[in-house]
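For reference, the structure discussed in these notes is given below.
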Amino acid sequence: MDRLDELSLLVAVIDAGGLAAAGRRLRRSPAAMTRALAALEERAGARLIERTTRRLAPTEAGRELADRARRLLADYEAALETSAPDAVRGLLRVTGPTVFGGRHLAPIVNAFLDQHPDVRADVTLHDRNLDLIDSELHVALRIGALADSSLVSRRVGAIRRVTIASPDYLARFGEPKTPADLARHQTVLTTAVSATPEWRFEAGGRPRAVRLDPRLRVNDVEAALAAVLAGQGIGRALSYQVADELAAGRLVRLLPDFEPPPLPVQLLTAGGRFMAPLVRAFLDFAAPRLERLAVLRET
0 MDRLDELSLL
10 VAVIDAGGLA
20 AAGRRLRRSP
30 AAMTRALAAL
40 EERAGARLIE
50 RTTRRLAPTE
60 AGRELADRAR
70 RLLADYEAAL
80 ETSAPDAVRG
90 LLRVTGPTVF
100 GGRHLAPIVN
110 AFLDQHPDVR
120 ADVTLHDRNL
130 DLIDSELHVA
140 LRIGALADSS
150 LVSRRVGAIR
160 RVTIASPDYL
170 ARFGEPKTPA
180 DLARHQTVLT
190 TAVSATPEWR
200 FEAGGRPRAV
210 RLDPRLRVND
220 VEAALAAVLA
230 GQGIGRALSY
240 QVADELAAGR
250 LVRLLPDFEP
260 PPLPVQLLTA
270 GGRFMAPLVR
280 AFLDFAAPRL
290 ERLAVLRET
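Under numbering that gives the first Met the number 0, the first residue of the sequence shown is numbered 0, with each subsequent residue one higher.
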């Protein structure tokens, strides 16, 4: 392990609050982390981390060294950017929701790779929001309001949660006029979105929850949409997931006056002042292309 790696390890341990969490961030085993920290303490001639059965805490010497390490590492990154400000190369790690990522984010990554032959990409599609730091991800596409965070965000559009049914189902059972009418209808619940059998609407600016007795529960979005298209019942989806089906008339949008407010769609990155050229280049490439997508223009 070189000297800069040792300093990065110390900073990671203090920021993460433990060897195991820091090891996941740095992709090192707990044993390797323990050995490296011991070697750094031997080199520094001082105990840097106090270890107890419940937590780790930096000593005064550890805090001082970590503060200096942060400045040194920041200067090192800045020097690299200054020496090659336009260098777009290396491995790009991107994440996003499964369906949206497959339909819209992955093609943008492919187009970015076509323009940058020195770039490789690792795309992780998951409907659970992955932590960018712990998972060592550069960019995430997120749907919905964000919790308070130090992450840098850029809004690229909005979508809605819509209620839908097939024309065949509506011809047989009629169309609900209010959310309360859903009690007498067959419904298809996507348990991957919510295990609770209820849908939320809004009436007169006030939220309203409607309890359901689903005829069909499905843990996969695409399978649930297939059931709705087959006339099994009324379902719910994000507007981008059914944009083509609505435009072609294969599905009908129900209860539009009771839909919840739009959900923002944003690109996130942990980079700030010293954002890597690769990450900045991808954000500048991806954001305008996402903003032009018709499926993200819900208001």
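Just so it is clear, CB atoms sit at the ideal spot from N, CA and C, and this is done for glycine as well.
Element boundaries [beta strand (DSSP E), containing residue i]
{"i": "Leu90", "result": "89-95"}
{"i": "Glu201", "result": "197-202"}
{"i": "Arg154", "result": "151-158"}
{"i": "Leu250", "result": "Segment: none, Leu250 is in no beta strand (DSSP E) and carries neither H nor E."}
{"i": "Leu124", "result": "118-124"}
{"i": "Val10", "result": "Here Val10 belongs to no beta strand (DSSP E); instead the alpha helix (DSSP H) covers 2-15."}
Contact under 8 Å by Cβ, residue i with residue j
{"i": "Arg235", "j": "Thr190", "result": "no"}
{"i": "Met32", "j": "Gly22", "result": "yes"}
{"i": "Val10", "j": "Leu36", "result": "no"}
{"i": "Ala285", "j": "Ile158", "result": "no"}
{"i": "Val93", "j": "Asp117", "result": "no"}
{"i": "Glu5", "j": "Leu39", "result": "yes"}
{"i": "Leu211", "j": "Val227", "result": "no"}
{"i": "Leu237", "j": "Pro213", "result": "no"}
{"i": "His184", "j": "Pro178", "result": "no"}
{"i": "Phe257", "j": "Glu201", "result": "yes"}
{"i": "Tyr239", "j": "Val192", "result": "no"}
N- and C-terminal bounds of the alpha helix (DSSP H) containing residue i
{"i": "Arg24", "result": "18-25"}
{"i": "Thr33", "result": "29-43"}
{"i": "Pro106", "result": "105-114"}
{"i": "Leu215", "result": "Not the alpha helix (DSSP H): Leu215 falls in the beta strand (DSSP E), residues 215-217."}
{"i": "Ala293", "result": "First-last for Ala293: undefined, no H or E at that position."}
{"i": "Ala86", "result": "Per DSSP, Ala86 belongs to no alpha helix (DSSP H) and is neither H nor E."}
{"i": "Glu221", "result": "220-228"}
Residue of the options minimising C-alpha distance to residue i
{"i": "Ala139", "options": "Leu169, Asp180, Pro96", "result": "Pro96"}
{"i": "Ala223", "options": "Ala164, Arg207, Pro206", "result": "Ala164"}
{"i": "Arg216", "options": "Arg210, Pro196, Phe200, Glu201", "result": "Pro196"}
{"i": "Arg153", "options": "Val294, Ser7, Arg288", "result": "Arg288"}
{"i": "Leu266", "options": "Ala225, Thr186, Thr177, Leu150", "result": "Leu150"}
{"i": "Glu221", "options": "Phe111, Phe99, Arg183", "result": "Phe99"}
{"i": "Asp126", "options": "Arg119, Asp113, Ile142, Phe281", "result": "Ile142"}
{"i": "Arg67", "options": "Arg42, Ser7, Arg34", "result": "Ser7"}
{"i": "Pro166", "options": "Ala110, Ala182, Ile233", "result": "Ile233"}
{"i": "Ala208", "options": "Ala182, Gly230, Gln231", "result": "Ala182"}
Alpha-carbon to alpha-carbon, residue j and residue i
{"i": "Ala269", "j": "Ala242", "result": "31 Å"}
{"i": "Arg2", "j": "Asp121", "result": "28 Å"}
{"i": "Gly61", "j": "Ala275", "result": "28 Å"}
{"i": "Val261", "j": "Arg160", "result": "In the sequence on display, residue 261 carries Pro and not Val. In a straight line, the C-alpha of Pro261 is about 8 Å away from that of Arg160."}
{"i": "Pro259", "j": "Pro206", "result": "8 Å"}
{"i": "His57", "j": "Pro29", "result": "Going by the sequence as given, residue 57 is Pro instead of His. Roughly 18 Å between the two C-alpha positions."}
{"i": "Ala73", "j": "Val278", "result": "17 Å"}
{"i": "Leu64", "j": "Arg27", "result": "21 Å"}
{"i": "Glu244", "j": "Leu136", "result": "33 Å"}
{"i": "Leu169", "j": "Arg24", "result": "51 Å"}
{"i": "Leu254", "j": "Asn218", "result": "24 Å"}
{"i": "Asp180", "j": "Ala19", "result": "52 Å"}
{"i": "Val155", "j": "Val264", "result": "6 Å"}
{"i": "Ile132", "j": "Phe172", "result": "49 Å"}
{"i": "Gly101", "j": "Leu124", "result": "8 Å"}
{"i": "Phe281", "j": "Leu292", "result": "17 Å"}
{"i": "Ala43", "j": "His103", "result": "50 Å"}
{"i": "Trp198", "j": "Ala105", "result": "30 Å"}
{"i": "Glu49", "j": "Arg69", "result": "20 Å"}
C-beta neighbour in chain C for residue i, strict 8 Å
{"i": "Arg279", "result": "The structure shown contains no chain C, having only a single protein chain."}
Where residue i sits in the DSSP three-state scheme
{"i": "Leu237", "result": "strand"}
{"i": "Ala182", "result": "helix"}
{"i": "Gln265", "result": "strand"}
{"i": "Pro166", "result": "helix"}
{"i": "Arg205", "result": "strand"}
{"i": "Pro57", "result": "strand"}
{"i": "Ala191", "result": "coil"}
{"i": "Arg46", "result": "coil"}
{"i": "Leu282", "result": "helix"}
{"i": "Ala139", "result": "strand"}
{"i": "Arg62", "result": "helix"}
{"i": "Thr127", "result": "A small fix is needed here, since residue 127 is Arg in this sequence, not Thr. If DSSP states are grouped into helix, strand and coil, Arg127 belongs with coil."}
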